[in-house]
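Numbered per full-length UniProt numbering, the sequence shown spans residues 1 to 338. Here the structure is laid out as structure tokens; the discussion comes afterwards.
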Amino acid sequence: MIQTDFLIIGQGIAGTLLSLELIKHGKKVLVIDKENPYKSSLVAGAVLNPMAGKHWSPSPQAALFLPKAHGVYSNIEKLLSISILQETKLYVFHESEEKQLQFEQKQELFPQYLSIADSESPYFNALYCCGIISGVSVINAPLLLSSVKSYLLAQDAFIEEDFDENLLEIEEDKVHYKNISASKIIFCNGVSAATGRFFQSLPFTKNRGEVLMLDIPALPEDAVYHQKLRLVPKGNHQFWCGSNYKWDFEDLLPDEQWRKESEAELKSWLKIPFEIKNHIVAQRPTTAGQIPFVGFHPEYKTIAIFNGLGTRGFSSGPYWANELAQKLLDPNYLIRKL
Ligand SMILES: Cc1cc2nc3c(=O)[nH]c(=O)nc-3n(C[C@H](O)[C@H](O)[C@H](O)COP(=O)(O)OP(=O)(O)OC[C@H]3O[C@@H](n4cnc5c(N)ncnc54)[C@H](O)[C@@H]3O)c2cc1C
1 MIQTDFLIIG QGIAGTLLSL ELIKHGKKVL VIDKENPYKS SLVAGAVLNP
51 MAGKHWSPSP QAALFLPKAH GVYSNIEKLL SISILQETKL YVFHESEEKQ
101 LQFEQKQELF PQYLSIADSE SPYFNALYCC GIISGVSVIN APLLLSSVKS
151 YLLAQDAFIE EDFDENLLEI EEDKVHYKNI SASKIIFCNG VSAATGRFFQ
201 SLPFTKNRGE VLMLDIPALP EDAVYHQKLR LVPKGNHQFW CGSNYKWDFE
251 DLLPDEQWRK ESEAELKSWL KIPFEIKNHI VAQRPTTAGQ IPFVGFHPEY
301 KTIAIFNGLG TRGFSSGPYW ANELAQKLLD PNYLIRKL
């Protein structure tokens, strides 16, 4: 029989951050995850942006989440001797004079974040002047997730399998799964939770996003670039290009029409050659009101959830992982709502 304090289901960014947070507090964890190259956390651009949407104003949520996120990712870098946090800037290529003007007005209000490029880009066709957002970071999600998996494996804290929740037995103060006994189980299983046994009544919504992986040998990898599409450097001249948001869909098959339109868009935007290497689709774990699910099951005090991180899981994940860990360690702790 394997005894553990916390059994964690899923190792996307939610399960990754929560397991490290609990280990940091001296707790024993066991993570069960099934291999899925198209999990949301691996398909994400994984950009941390201090500005809200398209209005060029600092986001109050980012002001809360980003300092925490930077601290957590830097500590993981030290713990695992890896480099996952790339500080960078985001070039915004305006699509109209009106947008350019709006940016210039906001630049006067927020000069610590916004500036104007002083020369034309040799890599892009741009009709209007280009704005720059600083304080942006990109997380190397594949390296983060694979390194944490190795770290967990090295301490016998990781099992790769498809967790069957029908085999979970729930007692007053513990749960049992096959030969595992745990004080608590936490579901960090992304979109699967929406149809699962314990949390399907929560207001999950459905959202899919599509991404092209590009090879752009001549484009500098020290920035993120944004016009209608966003280009995020992923190393070795690879750029993540995305994404769209679809709320009404039946399957996760690549949308050929979106690919054609994106390719045409890239041809008119980029002055330099590019090659499309892959076209991938993933579902984001979104919720009504964009509120994450962080806490205990209303009926079972041995079952908790960490999910619904939505479109910005890499920014908000470290904050919520910390809040949930505190709650798991002390049930009287009140999770700080926004
Ligand atoms: C196209 C796209 C672009 C995005 N861009 C950004 C961005 O730039 N910045 C940002 O912050 N966020 C971004 N996001 C959002 C971000 O990806 C999500 O918020 C985050 O990844 C959610 O993480 P998660 O751990 O909850 O879910 P997931 O990453 O989906 O992880 C869930 C895990 O649970 C496992 N699992 C499920 N069921 C079982 C089972 N029965 N047994 C075992 N394991 C199971 C899955 O295999 C998976 O490993 C983007 C998302 C998409 C799709």
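Every residue gets a Cβ at the ideal spot worked out from N, C-alpha and C, and that includes glycine. All values derive from a computational prediction rather than experimental measurement.
Task: Contact check, V211 vs S243, beta carbons under 7 Å - done: Here residue 211 is taken as the residue at index 211 of the sequence shown, counted from 1. Here residue 243 is taken as the residue at index 243 of the sequence shown, counted from 1. Against a cut-off of 7 Å, the Cβ pair of S243 and V211 comes out as a contact.
Open item on the list: Shorter than 6 Å, the distance from the beta carbon of D162 to the closest heavy atom of ligand 1, or not?
Closed with: Here the question's residue 162 lines up with position 162 in the sequence shown. Checking every heavy atom of ligand 1 against the Cβ of D162, one is found closer than 6 Å.
Open item on the list: Here's the rule: buried if 16 or more other CB atoms are within 10 angstroms of the residue's CB, otherwise exposed. What is G235?
Closed with: Position 235 of the sequence shown holds residue 235. The Cβ neighbour count for G235, taken over all protein chains shown within 10 Å, is under 16; the residue is labelled exposed.
Open item on the list: Suppose only complete runs of 3+ residues qualify. What are the beta strand (DSSP E) ranges in the segment 24 to 101, listed by chain order?
Closed with: Whole beta strand (DSSP E) segments, 3+ residues: 29 to 33 and 85 to 93.
TODO: Return yes when the C-beta of F6 is under 6 Å from any heavy atom of ligand 1, and no when it is not.
DONE: On the sequence shown, residue 6 is found 6 positions in, with the first residue counted as 1. The answer is no for F6.
Task: Cβ-based burial, H25 [other Cβ within 10 Å; buried from 16] - done: If you number the sequence shown from 1, residue 25 lands on position 25. In this structure H25 is exposed. Its beta-carbon is surrounded by fewer than 16 other beta-carbon atoms within 10 angstroms.
Open item on the list: Restricting to runs no shorter than 3 residues, where is the beta strand (DSSP E) found entirely within the segment 120 to 173?
Closed with: As far as the segment 120 to 173 is concerned, its whole beta strand (DSSP E) runs of at least 3 residues are 130 to 139, 158 to 160 and 168 to 170.
Open item on the list: Just to confirm before moving on: does the CB-CB distance between P331 and N307 stay below 7 Å?
Closed with: Stepping through the sequence shown from its first residue, residue 331 is reached at position 331. Stepping through the sequence shown from its first residue, residue 307 is reached at position 307. Not a contact, by the Cβ cut-off of 7 Å.
Task: Residue range of the unbroken beta strand (DSSP E) whose run includes P318 - done: Walking along the sequence shown from the start, residue 318 turns up at place 318. Counting along the chain, P318 falls outside any beta strand (DSSP E), though it belongs to the alpha helix (DSSP H) covering G313 to L329.
Task: G310 (DSSP reduced to helix, strand or coil) - done: To locate residue 310, count along the sequence shown from 1; it is residue 310. The DSSP-derived three-state label of G310 is helix.
Task: CB of K271 within 7 Å of CB of Y123, strictly - done: By one-based count along the sequence shown, residue 271 stands at place 271. By one-based count along the sequence shown, residue 123 stands at place 123. The beta carbons of K271 and Y123 sit closer together than 7 Å.
Open item on the list: According to DSSP, is R259 part of a helix, a strand, or is it coil?
Closed with: Here residue 259 refers to the residue found at position 259 of the sequence shown. R259: helix per DSSP, three-state reduction.
Task: Stretch pair the segment 131 to 140 + the segment 158 to 177: three plus CB contacts closer than 8 Å - done: No, the segment 131 to 140 is not in contact with the segment 158 to 177.
Task: Between the CA atoms of D118 and F249 - distance to the nearest angstrom - done: Here residue 249 is taken as the residue at index 249 of the sequence shown, counted from 1. Here residue 118 is taken as the residue at index 118 of the sequence shown, counted from 1. Distance between the alpha carbons of F249 and D118 is about 43 Å.
TODO: Locate the beta strand (DSSP E) running through Q3, then write down its first and last residues.
DONE: Mapped onto the sequence shown, residue 3 falls at position 3. Residue range I2 to I9 is occupied by the beta strand (DSSP E) that includes Q3.
Open item on the list: Less than 7 Å between the C-beta atoms of I84 and I159, yes or no?
Closed with: Reading the sequence shown from its first residue, position 84 is the one you call residue 84. Reading the sequence shown from its first residue, position 159 is the one you call residue 159. No. Outside cutoff.
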